[in-house]
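K.L.:
Quick one: the structure is below, questions incoming.
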Amino acid sequence: MKIRKLPLALLAASATFTAAHVNAAGFQLVEHSASGLGRSFAGEAAIADNAAVMARNPAAMSMFDTIAVSGALSYIAPDVYVKGNTGVDGIDQALTNNDVVPGAAVPAGYFIQPLSDKWAWGVGMFSNFGLSTDYPEDYAAGALAGQTELITLNLNPNVSYRINDQFSIGAGLNAVYGTAKLVRNFGTGGPFPPSGTAASLEGDGWGFGWNVGGMWEVNEDHRFGISYRSKVDLDFKGDYHSDIPEGLSDNPYGTGGQTIGGELTLNLPDIFEVSGYNRLNDAFAVHYSYVWTGWSTFQEINATSEGIGSVLNKQEQFSDSYRVSFGGTWYLNQAWELRAGMAFDQSPSRTHKTISIPDNDRYNYGVGFTYHLSDKGSIDTGFTYIQGKEGAFNEEGVEFVSKGDAYIAAIQYNHSF
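Written out as structure tokens, the structure reads:
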């Protein structure tokens with residue numbers, strides 16, 4: 470298998486199986502709270518049952534009359550495989566990996582403080598995008614796989630203003646910090662040792678954006694939320710090296726093991742959400758969401774390295790995608806709430822699939838509960854099963870089949886002062 474120009478750009482997309490198969494569309498993360506996980510994040514921009522609503526709608530902060538804090542931890546246990554689909558047993562076996570994605574923890578934290586009967590402010594720390602994959606060093610398609618990790622943290626201060634009893638607005642700034650690690654090996658069947666480094670890069674960077682939201686409280690039992698989060702261009706800078714000798718005409722990105730600088734701008738999409746919450750009686754409420762993600766901003770990856778120039782210009786051709794969810798909450802008594810939900814998540818790579826992002830549609834099924842320890846404190850738990858569709862695709866003349874399921878569990882503590 471010929472080694473192609475892969476370094477640096479794979480920070481963003483070389484093997485985004487974690488998000489592509491076990492979270493949301495593309496390499497998006499939606500694990501902002503345990504309460505949301507238990508209802509498949511249906512109604513998130515409108516429910517406002519704890520401070521984590523800030524991640525979906527800053528206007529909802531106007532519903533809090535005391536200081537509120539929430540801290541959540543989600544754990545993702547993926548079950549993802551990639552298999553060769555050439556029809557030749559030996560080749561298919563060499564291209565098969567049944568444990569592509571390691572487990573990962575996703576933390577989040579939120580703080581809301583009312584300043585008056587009109588104004589409130591708050592800050593959230595959470596992640597909207599991330600990925601992690603780990604292939605064996607001697608995987609046959611080593612130059613297309615290897616180890617990839619992208620971690621982002623969104624620091625999101627917000628303010629809200631209550632216009633009147635029914636309408637509120639909010640806005641915030643997003644400072645997104647990202648770290649990334651990429652290792653690509655030669656794989657088998659090439660002129661170099663299988664475990665040799667075809668490309669290795671570690672880097673970090675910042676990107677900035679904004680978000681706005683609105684809330685319409687029809688009455689105490691019925692409300693609707695709307696929010697928009699802008700796209701963010703995340704600029705990575707880091708150290709790159711390759712064991713490929715310098716000066717090879719068909720591999721011009723080799724550095725002979727020397728470390729040089731590298732740069733990549735990762736275009737993260739904008740997100741639009743509309744949600745509703747309707748409490749039908751004392752015991753039961755329904756809630757629902759429509760989320761649109763502007764993945765069409767992610768059309769290509771153009772990476773450069775110092776002294777080499779462009780090392781990759783790869784077409785991704787993502788399309789805008791959507792997520793719809795529906796859920797219910799049962800208010801058993803003053804101490805206990807039960808919830809459940811389901812969602813459909815559309816893939817943004819519907820017309821162009823690669824081994825780097827073999828994204829497919831998926832279904833989410835969530836359950837959870839809240840236990841109120843007192844008037845001030847409560848604990849949320851959530852569990853979701855994500856069922857991904859199986860998809861086939863061709864890259865470099867090789868046929869692949871991929872599928873990914875996942876189990877996600879989360880716990881959260883909420884407190885008011």
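Positions 470 to 886 (the working numbering) are the ones given, in order, by the sequence shown.
C-beta atoms are modelled at their ideal positions from N, C-alpha and C, and glycine is treated no differently.
Just so we're clear, the structure is a prediction, and the values are computed from it rather than from any experiment.
#1: Going by DSSP, what residues sit across from M684 in a beta bridge?
#2: To the nearest angstrom, how far is the alpha carbon of V754 from that of Y646?
#3: Sort E732, V793, N802 and L737 by Cα distance to A772 and report the nearest one.
#4: If you scan the segment 780-809 from start to end, which runs of the beta strand (DSSP E) of 3 or more residues do you find wholly inside it?
#5: Helix or strand or just coil, what does DSSP make of I729?
#6: Would you give the residue range spanned by the beta strand (DSSP E) that G584 belongs to?
#7: For the segment 511-559, which segments carrying the beta strand (DSSP E) assignment without a break, of at least 3 residues, lie completely within its bounds, in sequence order?
#8: What did DSSP end up calling D712 once you bin it into helix, strand or coil?
#9: Under the rule that 16 or more other beta-carbon atoms within 10 Å means buried, what is E686, buried or exposed?
#10: Just the C-alpha distance for L542 and G505, rounded to the nearest angstrom, thanks.
#11: Output needed for G846: all residues of its chain with C-beta closer than 6 Å, excluding positions within five of it in sequence on either side, in chain order.
#12: Could you tell me the alpha carbon to alpha carbon distance between A667 and Q616, rounded to whole angstroms?
#13: Is the number of C-beta pairs between the segment 870-877 and the segment 548-565 that are closer than 8 Å three or more?
#14: To the nearest angstrom, how far is the alpha carbon of L477 from that of G730?
#15: If you reduce the DSSP assignment to three classes, tell me which class A875 lands in.
#16: Tell me the DSSP secondary structure of S509 in three-state form.
#17: Please name the residue or residues paired with H756 in a DSSP beta bridge.
#18: Apart from the five residues on each side of it in sequence, which residues of its chain come closer than 7 Å, Cβ to Cβ, to D518?
#19: What is the C-beta distance between K700 and P738, in whole angstroms, given that I count them as a contact (C-beta under 8 Å)?
#20: For L703, which residues does DSSP report across the bridge?
#21: Roughly how many angstroms separate the alpha carbons of D789 and A520, rounded to a whole number?
#22: Which residue marks the beginning of the beta strand (DSSP E) containing I620, and which one marks its end?
#23: What is the residue span of the beta strand (DSSP E) that G835 lies within?
#24: Could you check the C-alpha separation between T798 and F862 for me, to the nearest Å?
#25: Cα-Cα, which of G591, R631 and G507 is closest to N625?
#26: Would you report the Cα separation of G507 and F813, rounded to the nearest angstrom?
#27: Would you please state the rounded distance, in angstroms, between the beta carbons of G694 and A515? I believe it to be under 8 Å.
#28: According to the neighbour-count rule (16 or more other Cβ atoms, all chains shown, within 10 Å of its Cβ), is G866 buried or exposed?
#29: Hey, out of S818, G857 and E618, whose CA is closest to L670's CA?
#30: In chain order, what residues of the same chain lie with their CB nearer than 7 Å to the CB of A888, ignoring the 5 residues before and after it?
#31: I'd like to know whether the C-beta atoms of M684 and G593 end up nearer to each other than 9 Å.
#32: Suppose you measure from the CA of H490 to the CA of R831; what does that come to, to the nearest Å?
#33: Return the chain-ordered list of same chain residues with a C-beta closer than 6 Å to the C-beta of R748, the five sequence neighbours on each side being excluded.
#34: Enumerate in chain order the residues of its own chain whose CB-to-CB distance from E868 is below 6 Å, with the five nearest sequence positions on each side excluded.
#35: So for T850, helix, strand or coil by DSSP?
#36: DSSP puts Q497 in a beta bridge; with which residues?
P.N.:
With the structure as the only source:
#1: One-based indexing of the sequence shown puts residue 684 at position 215. According to DSSP, which records beta bridges pairwise, M684 is partnered with S637 and G694.
#2: To locate residue 754, count along the sequence shown from 1; it is residue 285. To locate residue 646, count along the sequence shown from 1; it is residue 177. The residue you asked about is not Val; residue 754 is Ala in the sequence shown. Each residue's alpha carbon lies about 37 Å from the other.
#3: As a first step, residue 772 must be located in the sequence shown, where it is residue number 303. Considering only alpha carbons, the answer is E732.
#4: 790-800
#5: Counting from 1 along the sequence shown, the entry for residue 729 is found at position 260. I729 sits in a strand when the DSSP states are folded into three classes.
#6: Your numbering for residue 584 matches position 115 in the sequence shown. The amino acid occupying residue 584 in the given sequence is Leu; Gly does not appear at that position. Neither: L584 is in no beta strand (DSSP E) and is coded neither H nor E.
#7: 537-553
#8: Position 243 of the sequence shown holds residue 712. Note: D712 maps to coil in three-state DSSP.
#9: Residue 686 sits at position 217 when you count from the first residue of the sequence shown. Result: buried.
#10: The residue given as residue 542 occupies position 73 in the sequence shown. The residue given as residue 505 occupies position 36 in the sequence shown. Rounded to the nearest angstrom, the two C-alpha atoms are 12 Å apart.
#11: Taking the first residue of the sequence shown as position 1, residue 846 is located at position 377. Once the five neighbours on either side are set aside, the close Cβ partners of G846 are H884.
#12: Numbered from its first residue, the sequence shown carries residue 667 at position 198. Numbered from its first residue, the sequence shown carries residue 616 at position 147. One Cα belongs to A667, the other to Q616, and the distance between them is close to 12 Å.
#13: A contact between stretches requires three or more CB pairs, one per stretch, nearer than 8 Å, and the segment 870-877 meets this requirement with the segment 548-565.
#14: Translated into the one-based positions of the sequence shown, residue 477 becomes position 8. Translated into the one-based positions of the sequence shown, residue 730 becomes position 261. Only weak support exists for where L477 lies, its pLDDT of 36 falling under 50; the coordinates are left without a value.
#15: Translated into positions along the sequence shown, residue 875 becomes position 406. Three-state DSSP puts A875 in a strand.
#16: Here the question's residue 509 lines up with position 40 in the sequence shown. If DSSP states are grouped into helix, strand and coil, S509 belongs with coil.
#17: The residue labelled residue 756 in the question sits at position 287 within the sequence shown. H756 is bridged to Y746 and G796.
#18: On the sequence shown, position 49 is the one that residue 518 refers to. Cβ within range, chain order: S504.
#19: In the sequence shown, residue 700 corresponds to position 231, counting from 1. In the sequence shown, residue 738 corresponds to position 269, counting from 1. Contact annotation, K700 with P738: C-beta distance approximately 6 Å; criterion of less than 8 Å satisfied.
#20: Within the sequence shown, the letter at position 234 stands for residue 703. Answer is L735, bridged to L703.
#21: Indexing the sequence shown from 1 puts residue 789 at position 320. Indexing the sequence shown from 1 puts residue 520 at position 51. Those two C-alpha atoms are separated by around 29 Å.
#22: The count along the sequence shown starts at 1 and reaches residue 620 at position 151. Looking at the DSSP string, the run of the beta strand (DSSP E) that includes I620 is Q616 to R631.
#23: Counting from 1 along the sequence shown, the entry for residue 835 is found at position 366. G835 -> beta strand (DSSP E) spans R831 to H841.
#24: Translated into positions along the sequence shown, residue 798 becomes position 329. Translated into positions along the sequence shown, residue 862 becomes position 393. Each residue's Cα considered, the two are about 40 Å apart.
#25: Start at 1 with the first residue of the sequence shown, and residue 625 comes out as number 156. Considering only alpha carbons, the answer is G591.
#26: On the sequence shown, position 38 is the one that residue 507 refers to. On the sequence shown, position 344 is the one that residue 813 refers to. C-alpha separation (whole angstroms): 15 Å.
#27: The sequence position of residue 694 within the sequence shown is 225, counting from 1. The sequence position of residue 515 within the sequence shown is 46, counting from 1. Their Cβ separation, rounded to whole angstroms, is 4 Å, which keeps G694 and A515 in contact under 8 Å.
#28: Within the sequence shown, numbered from 1, the residue matching residue 866 stands at position 397. Exposed: under 16 other Cβ atoms inside 10 Å.
#29: Sequence index remark: in the sequence shown, residue 670 carries index 201 (1-based). Here the closest residue by C-alpha is E618.
#30: Outside the shown range of the chain, which is 470 to 886, sits residue 888, and nothing can be said about it.
#31: Start at 1 with the first residue of the sequence shown, and residue 684 comes out as number 215. Start at 1 with the first residue of the sequence shown, and residue 593 comes out as number 124. It is not a contact, given that the beta carbons lie outside the stated cut-off.
#32: Numbered from its first residue, the sequence shown carries residue 490 at position 21. Numbered from its first residue, the sequence shown carries residue 831 at position 362. Confidence is the limiting factor: at H490 the pLDDT is only 41, short of 50, which leaves the residue's position unreliable, though a coordinate-based value still follows. One C-alpha to the other measures close to 7 Å.
#33: By 1-based counting over the sequence shown, the position of residue 748 is 279. If we look at R748 and ignore the five residues flanking it on each side, its Cβ neighbours are D690 and A754.
#34: To locate residue 868, count along the sequence shown from 1; it is residue 399. N554 and T555, listed in sequence order.
#35: Counting from one through the sequence shown, the residue named residue 850 turns up at place 381. T850 falls in the strand class under three-state DSSP.
#36: Translated into the one-based positions of the sequence shown, residue 497 becomes position 28. Paired residue(s): F598.
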